[in-house]
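K.L.:
The listed protein sequences derive, respectively, from chains C and V. Letter by letter, the first sequence follows residues 2 to 177 of this note's numbering. Letter by letter, the second sequence follows residues 2 to 164 of this note's numbering. Each residue gets a CB set at the ideal place from its N, CA and C atoms; glycine is no exception. Below you will find the structure I want to go over with you.
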Amino acid sequence: MNDVLARTLLAAALIALGAAAYWAWNRWQLRRLGQARGTVLAGLENTRPGVAAVLYFTTPDCLVCKTAQKPALQRLEAEMRGGVQIVEIDATVDTAVADYWGVLSVPTTFVIDAHGQPRSINHGLTSKEKLQRQLEATFGSPAANANAAVELESGPAPAEPIKRPAGSGEKLESKS
Amino acid sequence: MDNKLQKVDHAALRVNQTFIISLSLLGFIFSAWWLPAIVLAVMAYGTLRKQPGFKVIYTGLLKPRGWVKPDVINDNPEPHVFAQGFGTVVLGIAVLALALDAGVLGWSLVWLVIALASLNLFLGFCAGCAVYYWLARLNVPGFGKTAPAGTFPGMRPKGTSGP
Chain C
2 MNDVLARTLL
12 AAALIALGAA
22 AYWAWNRWQL
32 RRLGQARGTV
42 LAGLENTRPG
52 VAAVLYFTTP
62 DCLVCKTAQK
72 PALQRLEAEM
82 RGGVQIVEID
92 ATVDTAVADY
102 WGVLSVPTTF
112 VIDAHGQPRS
122 INHGLTSKEK
132 LQRQLEATFG
142 SPAANANAAV
152 ELESGPAPAE
162 PIKRPAGSGE
172 KLESKS
Chain V
2 MDNKLQKVDH
12 AALRVNQTFI
22 ISLSLLGFIF
32 SAWWLPAIVL
42 AVMAYGTLRK
52 QPGFKVIYTG
62 LLKPRGWVKP
72 DVINDNPEPH
82 VFAQGFGTVV
92 LGIAVLALAL
102 DAGVLGWSLV
112 WLVIALASLN
122 LFLGFCAGCA
132 VYYWLARLNV
142 PGFGKTAPAG
152 TFPGMRPKGT
162 SGP
């Protein structure tokens with residue numbers, strides 16, 4: 002019995018090590034993307050400034066994107082009433098943008114704060130609640146709060162997510 | 002070099018990896034070497050049939066009941082078969098080591114298989130596929146496929162809306 006317990010603990014430790022490596026890798030990704038502070042990151046050129054965003058990578062073949070991720074994002078957008086904008090990117094068309102963001106699989110979502118800085122990465126299907134929590138965490142700064150409040154007062158956001166025109170992601174240099 | 006892609010159901014691959022990881026992990030926890038041996042037999046069978054070893058669970062149970070949805074994308078099936086074969090060899094050595102009472106070596110190799118399957122399942126990187134594409138670049142006979150366009154060798158293709 003003690004042997005089973007010891008092995009279970011060892012397995013848990015190894016799994017935790019793997020999870021920690023995964024977490025560190027995600028933080029590194031965010032840090033890498035965040036180094037372009039003060040510039041507009043590739044894929045976010047058409048977003049409204051001062052409003053948090055969810056950058057959503059999908060593909061035409063991704064079934065779970067259609068059946069679960071997109072509806073979750075639509076619900077999120079409707080509930081936050083202009084406090085968030087959804088940017089949908091087809092990773093098969095904007096491959097350069099997908100590579101720039103380090104997208105490995107779809108769906109992948111990035112939570113972007115009101116200053117245009119990436120704050121969270123989600124690989125795989127992510128619930129509306131989780132995205133909402135991640136977005137609310139970005140409202141911590143007073144500036145972001147004010148922007149979100151202004152958006153909430155100014156009425157609902159566009160019903161359709163922002164879709165990038167095909168091929169527009171080829172130019173990856175960040176714009177000032 | 003051959004660039005012709007085929008439809009590959011990545012949901013079946015993920016089910017396969019899930020079972021490889023789960024059974025190997027349980028084998029380690031309960032010190033039951035026969036569990037990795039079962040995984041080895043299933044993987045060997047799958048490699049010979051050129052399909053994911055645990056595919057029958059996906060096609061016979063999970064898919065018909067809608068518990069796992071198909072995820073068909075344009076990809077090369079050969080690197081995945083090679084990766085499974087590669088895993089079979091590693092697990093084969095592991096089971097042999099366990100049978101010969103070389104526990105540290107045996108379980109270390111089992112953990113290597115778990116780690117590589119996890120890398121594929123959770124991050125979409127197939128190490129065996131990367132080795133396949135690397136061998137193809139070296140023009141090794143029998144390794145004729147190149148990675149799908151725009152995909153880093155070994156990474157899961159982001160999906161293509163091909164014919």
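1) Within 7 Å of any Cβ in chain V, is that where the Cβ of Ser106(C) sits?
2) In three-state terms, what does DSSP make of Arg120(C)?
3) Could you confirm whether any beta carbon from chain C is found closer than 7 Å to the beta carbon of Arg157(V)?
4) Buried or exposed, going by whether 16 or more other CB atoms sit within 10 Å of the CB of Arg15(V)?
5) Would you say Cys130(V) touches the ligand GTP, meaning its beta carbon is less than 6 Å from a heavy atom?
6) Keeping to the same chain, check which residues put their C-beta closer than 7 Å to that of Leu126(C); ignore five residues upstream and five downstream.
7) From the beta carbon of Leu64(C), is the nearest beta carbon of chain V less than 7 Å away?
8) Can you list the residues of chain C that Cys71(V) reaches, using a CB-CB cut of under 8 Å?
9) What residues in the segment 11-27 of chain C bring their beta carbon closer than 9 Å to a beta carbon of chain V?
10) Are Gly54(V) and Val43(V) touching if we call contact CB-CB under 7 Å?
11) For Val69(V), does the three-state DSSP call read helix, strand or coil?
12) At the level of alpha carbons, what is the spacing between Pro61(C) and Asp91(C)?
13) Give me the residue from Gly143(V), Tyr46(V) and Leu101(V) with the minimum Cα distance to Trp34(V).
14) Determine the chain C residues that contact Leu124(V) at a beta-carbon separation under 7 Å, and present them in chain order.
15) Determine the DSSP secondary structure at Ser177(C), reduced to helix, strand or coil.
16) At a CB-CB cut-off below 7 Å, which residues of chain V make contact with Val5(C)?
17) Residues in its own chain within less than 7 Å of Asp114(C) by CB, not counting five upstream and five downstream?
18) Taking DSSP as the reference, what is the three-state secondary structure of Gln180(C)?
19) Please confirm if Arg120(C) has its CB atom under 7 Å from at least one CB of chain V.
20) With DSSP collapsed to three states, give me the class of Met156(V).
21) Pick helix, strand or coil for Phe126(V), following the three-state DSSP scheme.
22) Against chain C, with Cβ distances strictly below 7 Å, would Ile22(V) count as a contact?
23) Among Thr89(V), Leu120(V), Ala12(V) and Ala148(V), which has the Cα closest to the Cα of Tyr59(V)?
24) Going by CA-CA distance only, name the one from Gly103(C), Gly84(C), Asn3(C) and Thr93(C) that's closest to Arg28(C).
25) Applying a beta-carbon distance threshold of less than 8 Å, which residues of chain C neighbour Trp112(V)?
26) So Thr9(C) contacts chain V; which residues on that side make the cut at Cβ distance below 7 Å?
27) Closest by CA to Ala97(C), which one among Ser32(V), Asn121(V) and Thr152(V)?
28) Quick check: Leu122(V) and Gln18(V), are their CB atoms within less than 7 Å of each other?
29) I'd like to know whether the C-beta of Ile74(V) is nearer than 7 Å to at least one C-beta of chain C.
P.N.:
Quick look at the numbers:
1) For Ser106(C), a Cβ of chain V is located within less than 7 Å of the residue's own Cβ.
2) Correct three-state label for Arg120(C): strand.
3) Yes, its Cβ sits closer than 7 Å to a Cβ of chain C.
4) Buried.
5) No copy of the ligand GTP occurs in the structure displayed, which carries no ligand at all.
6) Here the set comprises Val65, Ala69, Gln70 and Pro108.
7) Using beta-carbon distances, Leu64(C) counts as an interface residue toward chain V, with a partner under 7 Å.
8) Strictly speaking, residue 71(V) in this sequence is Pro, with Cys absent from that position. Contact annotation for Pro71(V) against chain C: Leu64 [CB-CB distance below 8 Å, chain order].
9) Against chain V - using a Cβ distance shorter than 9 Å - the residues of the segment 11-27 of chain C are Leu11, Ala12, Leu15, Ile16, Gly19, Tyr23 and Trp26.
10) It is a contact, given that the beta carbons lie within the stated cut-off.
11) In the displayed model, Val69(V) falls within coil according to three-state DSSP, outside both helix and strand.
12) Just so you know, the alpha carbons of Pro61(C) and Asp91(C) end up roughly 7 Å apart.
13) Residue Leu101(V) is the option with its Cα nearest to Trp34(V).
14) Within chain C, the residues near Leu124(V) are Leu105.
15) Confidence in Ser177(C) is poor, its pLDDT being 33 and thus under 50, which makes the residue's placement unreliable; the coordinate value appears in the next sentence. Ser177(C) falls in the coil class under three-state DSSP.
16) The answer, in chain order, is Ile30 and Phe31.
17) Only Ala53, Arg120, Thr139 and Ala145 meet the Cβ criterion.
18) Residue 180(C) lies beyond the residue range present for chain C, which begins at 2 and ends at 177; the question has no answer from this structure.
19) Cβ-Cβ to chain V under 7 Å: no for Arg120(C).
20) When DSSP states are grouped into helix, strand and coil, Met156(V) belongs to the strand group.
21) In this structure, Phe126(V) counts as strand in the three-state DSSP scheme.
22) No - not a single Cβ of chain C is within 7 Å of the one on Ile22(V).
23) Among Thr89(V), Leu120(V), Ala12(V) and Ala148(V), the Cα nearest to that of Tyr59(V) belongs to Ala12(V).
24) Residue Gly103(C) is the option with its Cα nearest to Arg28(C).
25) Listed along chain C, the residues sitting closer than 8 Å to Trp112(V) by beta-carbon distance are Leu15.
26) Simply Ile30.
27) When only C-alpha atoms are compared, the closest one is Thr152(V).
28) Yes, the pair counts as a contact, with Cβ atoms nearer than the cut-off.
29) Cβ-Cβ to chain C under 7 Å: yes for Ile74(V).
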